[in-house]
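Asks:
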Amino acid sequence: MRRSPMAPRSDDRDLVAFLGGLCLFLSTVEYLVPKPVPFLRIGIANLPLLVGLGLLSPGQLLLVALLKVIGQGLVSGTLATYVFLFSAAGTFASALAMLAVRRLAGPRMSLVGVSVTGALLSNLAQIGLAIGLDLIGQGAWVIAPPFIAAGTVSSALLGWFAERFTGSSRWLASVRGGA
Amino acid sequence: MKLKSLDIAAIVVSLAVVAAFAIAAYGGGAAGQVVVEASGTRYRFPISTDRVERFAGPRGETIVEIRDGTVRVLDSPCPDKICVAAGAISRTGQFIACLPNRVSVTLEGQNAPITDGTAF
Chain A
1 MRRSPMAPRS DDRDLVAFLG GLCLFLSTVE YLVPKPVPFL RIGIANLPLL VGLGLLSPGQ
61 LLLVALLKVI GQGLVSGTLA TYVFLFSAAG TFASALAMLA VRRLAGPRMS LVGVSVTGAL
121 LSNLAQIGLA IGLDLIGQGA WVIAPPFIAA GTVSSALLGW FAERFTGSSR WLASVRGGA
Chain B
180 MKLKSLDIAA IVVSLAVVAA FAIAAYGGGA AGQVVVEASG TRYRFPISTD RVERFAGPRG
240 ETIVEIRDGT VRVLDSPCPD KICVAAGAIS RTGQFIACLP NRVSVTLEGQ NAPITDGTAF
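These protein sequences, in sequence, are chains A and B. Numbering-wise, my numbering puts 143 at position 143 of the first sequence, and it's gapless, one number per residue. Throughout, my numbering is defined as the position within the second sequence, counted from one, plus 179.
(1) Kindly list, in the order they appear in chain A, the residues whose Cβ is closer than 9 Å to that of Lys183 of chain B.
(2) Compute the beta-carbon to beta-carbon distance between Asn123 of chain A and Phe147 of chain A, rounded to the nearest angstrom, for a pair I have assumed lies under 8 Å.
(3) Counting only beta-carbon atoms, is Ala204 of chain B nearer than 8 Å to chain A?
(4) If you follow the beta strand (DSSP E) that Ser283 of chain B is in, where does it begin and where does it stop?
(5) Would you list, in chain order, the members of the stretch 166-177 of chain A that have their beta-carbon closer than 8 Å to a beta-carbon of chain C?
(6) Residues of chain A with CB closer than 7 Å to the CB of Asp186 of chain B, please, in chain order.
(7) Taking DSSP as the reference, what is the three-state secondary structure of Gln273 of chain B?
(8) Where does Ser57 of chain A land, buried or exposed, given buried means 16+ other C-beta within 10 angstroms?
(9) Between the Cα of Glu216 of chain B and the Cα atoms of B:Lys260, B:Val282, B:Gly288, B:Glu287, which residue gives the shortest distance?
(10) Does the Cβ of Ile293 of chain B have 16 or more other Cβ atoms within 10 Å, making it buried, or fewer, making it exposed?
(11) Please list, in chain order, the chain A residues whose beta carbon lies closer than 7 Å to that of Ala276 of chain B.
(12) Report yes if the C-beta distance between Val252 of chain B and Val284 of chain B is below 8 Å; otherwise report no.
(13) Taking the alpha carbon of Pro256 of chain B as the reference point, which residue from B:Gln273, B:Arg246, B:Ser269, B:Cys277 has its own alpha carbon closest?
(14) Mind listing the chain B neighbours of Ile42 of chain A? Cutoff is C-beta to C-beta under 7 Å, in chain order.
(15) When the Cβ atoms of the stretch 152-166 of chain A are set against those of the stretch 108-119 of chain A, are three or more pairs found closer than 8 Å?
(16) Taking only beta carbons into account, state which residues of the stretch 137-163 of chain A come closer than 9 Å to chain B, listed in chain order.
(17) Residue range of the alpha helix (DSSP H) that Thr220 of chain B falls in?
(18) Nearest chain A C-beta to Ile226 of chain B closer than 8 Å, yes or no?
(19) Can you give the Cα-Cα distance for Ser300 of chain B and Leu67 of chain A, rounded to whole angstroms?
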């Protein structure tokens with residue numbers, strides 16, 4: 001891994017681009033996985049954001065979030081639809097919440113809690129938007145409980161994976177060492 | 180890895196939000212009212228009275244049938260007919276939506292409006 005383009009000399013800009021690209025790739029994977037109902041998603045495209053929390057400045061992390069939103073829009077073909085609004089609102093609410101909670105909680109919270117908080121705020125933002133725009137009427141209220149419940153489970157699992165990954169990745173250690 | 184105290188707090192908060200939404204959305208008891216939203220207008224019908232109603236949307240008419248305590252969409256001018264395929268619903272909190280024609284059918288409990296959409 002030491003010879004990878006991300007090896008110690010990499011600067012932050014490379015890292016933002018790399019994590020943004022990873023978001024695009026993971027969005028594709030996410031899109032490939034069949035969903036029995038629309039709200040049952042795994043959210044793996046958030047993994048680069050979780051990893052980036054410990055590496056990037058808040059501004060850079062939001063830039064990765066922007067790349068993620070655009071990447072998701074490209075992959076799913078929703079870039080020019082109102083769905084994109086939901087994607088953007090959810091992702092930025094999540095990124096801001098994760099930054100805030102990471103700063104406030106510090107070492108008392110692992111990436112599991114950070115991920116769950118991010119997912120909760122993302123889902124609340126999207127439901128709030130659905131209610132605000134009144135796109136599906138009462139449906140927004142009806143769909144909210146399973147939507148948020150599914151998000152809690154998937155984000156906890158993703159946070160657990162991210163915690164394991166950041167604790168054991170040599171690539172990450174080399175990036176940290178070089179920064 | 181072990182969960183830290185605030186991890187558990189985050190999960191508990193998240194589940195509490197789920198519970199709050201669940202109570203707000205499904206807490207109405209047995210289905211008593213059929214609420215149809217079409218073109219920005221909300222209509223209410225008792226589920227106990229059989230009838231067939233037509234609602235105008237941007238694509239045409241969505242036909243909703245109430246019969247024997249159940250509600251179904253008989254026809255709607257949308258390409259996928261997901262609302263028709265949804266079949267009949269009868270319990271509080273269930274809903275059918277025809278997104279292309281902007282018509283939604285929701286079942287509420289006996290005690291009128293469950294949420295007012297102004298929270299948050």
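Note that the Cβ used here is the ideal one computed from N, Cα and C, for glycine as well. In this text, all values refer to a predicted model and were calculated from it rather than measured experimentally.
Replies: A quick look at the data gives this:
(1) Ala105, Pro107, Arg108, Met109, Ser110, Val112, Gly113
(2) 6 Å
(3) yes
(4) 282-288
(5) You won't find chain C in this structure, because its protein chains are A and B.
(6) Met109, Ser110, Val112, Gly113
(7) coil
(8) exposed
(9) B:Val282
(10) Interpretation of Ile293 of chain B is limited by its pLDDT of 45, a score under 50 that renders its predicted location unreliable; the figure taken from the coordinates is listed afterwards. Counting Cβ neighbours within 10 Å, Ile293 of chain B comes out buried, since at least 16 surround it.
(11) Ile136, Gly139
(12) yes
(13) B:Cys277
(14) Correct list: empty, because the minimum Cβ distance to chain B is about 16 Å.
(15) yes
(16) Gly137, Gln138, Gly139, Ala140, Trp141, Val142, Ile143, Ala144, Pro145, Pro146, Phe147, Ile148, Ala149, Gly151, Thr152, Ser155, Ala156, Gly159, Trp160, Glu163
(17) No alpha helix (DSSP H) contains Thr220 of chain B, which is instead part of the beta strand (DSSP E) from 220-225.
(18) no
(19) It is not possible to answer for residue 300 of chain B, since the shown part of chain B is limited to 180 through 299.
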